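Participant:
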Amino acid sequence: VRACGDMSATYTGALIVIKQDGSLDDIIATGVTIDANIDSSLIRNIFFKNSPLHDGAMVISGGRITAAKCVLPSTKSEVPLSFGMRHRAAMGLCEESDAIVVVVSEETGAISVAQNGKIKRGLSEIELRAELMRLGRVAEEKAAKAEAEESLVAENAEKAPAESVEAVAEGAEPATAEKPQNEAENA
1 VRACGDMSAT YTGALIVIKQ DGSLDDIIAT GVTIDANIDS SLIRNIFFKN SPLHDGAMVI
61 SGGRITAAKC VLPSTKSEVP LSFGMRHRAA MGLCEESDAI VVVVSEETGA ISVAQNGKIK
121 RGLSEIELRA ELMRLGRVAE EKAAKAEAEE SLVAENAEKA PAESVEAVAE GAEPATAEKP
181 QNEAENA
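For the sequence shown, position 175 (counting from the first letter as 1) is numbered 175 according to my numbering, and the numbering increases by one without interruption.
Now the structure itself:
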C-alpha cells in the first residue's frame with residue numbers, strides 16, 4: 001500500500017495482482033519468476049520506469065512476490081475511453097479469475113482496485129488499505145462458507161450410505177421416495 005502511495009505521487013505506473021483462490025499459473029508463466037518478501041522498496045524498483053521488469057504485472061501469492069513482467073489478458077467488455085492499458089488488463093484478469101488487481105495510473109497517479117469484473121478508481125492510500133482489507137475479509141468469508149458447505153456435503157455423504165446399510169442389516173428396507181406412506185396406499 002505504501003509503495004502504491006509513493007508511485008501515485010511520482011506518476012509511476014504499476015499493475016499488481018494479488019492471488020486469491022484461483023490459479024494464476026498461466027499468468028505467472030508469462031513473466032519473470034521472483035521469490036521475495038513483499039517490500040515497498042522492491043515494488044517501487046520493479047516498476048521504476050527504466051527497470052527491465054516495469055512493463056507488465058507483478059504477482060503476489062502466498063504473501064510473497066512471485067513474478068513480475070507478467071502479461072494479463074485485456075478486457076473484452078466495453079470500458080470508458082479514459083481506461084488505459086493497465087486498467088483494461090486489470091479488468092481482463094478480473095473477468096477470468098478471482099484475483100485482486102491494484103492499478104496505479106502513470107498518466108494521472110490515480111490508484112484503482114479491480115476484482116470480479118468491477119473497478120474502484122481514484123482511491124487514496126488510506127482508501128486502498130481499507131478496500132484491500134475489505135476484499136480480504138470477503139475472500140476469507142467466502143472460503144470459510146465454501147469449506148463449511150464442503151464439510152456438510154462430505155458429512156451427509158458419509159452418513160447416508162451408513163444409515164441405509166444399517167437399515168438393511170436390521171432387516172428393514174431402505175427408505176425411498178416411491179415407498180407407500182401407509183397401508184391404505186397398498187390396497
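Cβ coordinates follow ideal geometry from the N, Cα and C atoms, glycine included. No experiment lies behind these values; they were computed from the predicted model shown.
Taking the Cβ atom as the reference point for each residue, do R86 and V103 lie within a distance shorter than 8 Å?
Facilitator: yes
Participant: Determine the contact status of G84 and S105, defining contact as a CB-CB distance below 8 Å.
Facilitator: Contact flag set, yes.
Participant: Could you tell me the alpha carbon to alpha carbon distance between A67 and D35, rounded to whole angstroms?
Facilitator: Approximately 7 Å, taken between the alpha carbons.
Participant: What whole-angstrom Cβ distance do S74 and A57 have, given they're in contact under 8 Å?
Facilitator: That pair is no contact at about 12 Å.
Participant: Leaving out the 5 sequence neighbours to the left and right, which residues in its chain are closer than 8 Å to T33 when beta-carbon positions are compared?
Facilitator: T66, A67
Participant: For a test of the three-state rule: what should DSSP assign to L152, helix, strand or coil?
Facilitator: helix
Participant: How should G117 be labelled, buried or exposed, when 16 other C-beta atoms within 10 angstroms of its C-beta is the threshold for buried?
Facilitator: exposed
Participant: Going by C-alpha to C-alpha distance, which of D21, C4, Q20 sits closest to A14?
Facilitator: Nearest to A14 by C-alpha distance, out of D21, C4, Q20, is C4.
Participant: Going by DSSP, name the residue or residues bridged to S61.
Facilitator: R64
Participant: Taking E95 as the reference, give the member of E155, L72, A110 with the closest Cα.
Facilitator: L72
Participant: Is L188 near V1, with beta carbons less than 8 Å apart?
Facilitator: Outside the shown range of the chain (1 to 187) lies residue 188, about which nothing can therefore be said.
Participant: For L135, which of E150, A110, V101, K76 has the nearest alpha-carbon?
Facilitator: V101
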